[in-house]
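What the sequence shown shows, in this note's numbering, is residues 65 to 336, in sequence order.
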Amino acid sequence: MSFITWTFDSQLPLDDLVLKTKPQSYAFGRRLYTFQIEQQKYWLKFHQAHSYHVLEHAFLHELDFYQQNSISRKQFIVPHQIIQFKENTPFHELASTGKGLILVDTENFFNCVPSDVQIIQQQILRALETLENMHQLGWVHGDLKIEHFRCYENSCKLIDFEQSFKSPHATQNLTATPHYMAPELFHAERKTVQSDLYAFGIIVYEWLTETRLQAKTYHNWAVLHCQQMQIQLPKQLECFLPLLNGLMQKQVEQRFKLVSDAKDCLNSTILL
65 MSFITWTFDS QLPLDDLVLK TKPQSYAFGR RLYTFQIEQQ KYWLKFHQAH
115 SYHVLEHAFL HELDFYQQNS ISRKQFIVPH QIIQFKENTP FHELASTGKG
165 LILVDTENFF NCVPSDVQII QQQILRALET LENMHQLGWV HGDLKIEHFR
215 CYENSCKLID FEQSFKSPHA TQNLTATPHY MAPELFHAER KTVQSDLYAF
265 GIIVYEWLTE TRLQAKTYHN WAVLHCQQMQ IQLPKQLECF LPLLNGLMQK
315 QVEQRFKLVS DAKDCLNSTI LL
């Protein structure tokens, strides 16, 4: 199905509508469903009006992101459509007013780590090029996580733009996930391209090591990222240490400034 011509046909019958929202998010008014039409799986995302305005505002912000000339961003976003809830939509029992976001189903981009370091190199490069496409349009993602990199039709895409903003117009009320937060964000500095790069470094590091960083509190995450983080890779993957060191420098002025810096480092890597 073509990216540009994809549209949601509201007249087709839905199959297997399943609620996927986490309990806490559900309590705050967020709704996330999966459904199928003619064996194609989709996701429906919306927020109940007038419930927990922080999440409601974030969702409306994401809709605004998609509405801003989305065709030009086809290189890094998945096929989507914004729908208006009303009586003649198949979702009228879920919501009678407001808007919803429908996304075509995708797979995780960072799945099992390949055994061939050349394939690993190319996979990281594809993800970097996707992030670069977004940055080159002046946007910072602001909340990169491993699950936000998706594989669609053999290409890498990004999802979840609730915290995205046009650089350099960051606002102080944007939140972040401590698991992926760059050290400077714990000191109340604004998000930037370089905080995206740090989060990407965490994603690649956990993928390569097949581990998950652990911390129980916000303070513990701050100590980990700002003081204790030590990068260690399996012997056969140590060729990627220069990339990770450039992405995950604690001092922002020592970190890669642009995705192109990370790509140059990756392309010059001597594979073991």
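All C-beta atoms, glycine included, are put in the ideal place defined by N, C-alpha and C.
| Asked | Found |
| --- | --- |
| Please list, in chain order, all residues of the same chain as residue 84 whose beta carbon is under 7 Å from its beta carbon, the five residues on each side excluded. | 96, 97, 98 |
| On the DSSP bridge assignment, give the partners of residue 215 in chain order. | 171, 220 |
| I'd like the span of the beta strand (DSSP E) that includes residue 130, first residue to last. | It is not in any beta strand (DSSP E) - residue 130 instead sits in the alpha helix (DSSP H) that spans 117 to 131. |
| Let's test the definition: count the other Cβ atoms within 10 Å of the Cβ of residue 197 and tell me whether it reaches 16, buried, or not, exposed. | buried |
| Using a threshold of 9 Å, state whether the C-beta atoms of residue 166 and residue 107 are closer than that. | yes |
| Once DSSP output is grouped into helix, strand and coil, what is the label at residue 308? | helix |
| Is residue 288 helix, strand or coil by DSSP? | helix |
| Going by DSSP, what residues sit across from residue 229 in a beta bridge? | 204 |
| Candidates 121, 160, 188: which alpha carbon is nearest residue 327's? | 188 |
| Figure out for me which residue from 274, 160, 287 has the closest Cα to the Cα of residue 111. | 160 |
| Where residue 264 and residue 156 are concerned, what is the direct C-alpha to C-alpha distance, given to the nearest angstrom? | 39 Å |
| Within its chain, find whatever has a CB closer than 7 Å to the CB of residue 170; leave out the 5 residues flanking it on each side and keep chain order. | 142, 214, 215, 216, 221 |
| Let me check one thing: in DSSP terms, what residues is residue 82 bridge-paired to? | 98 |
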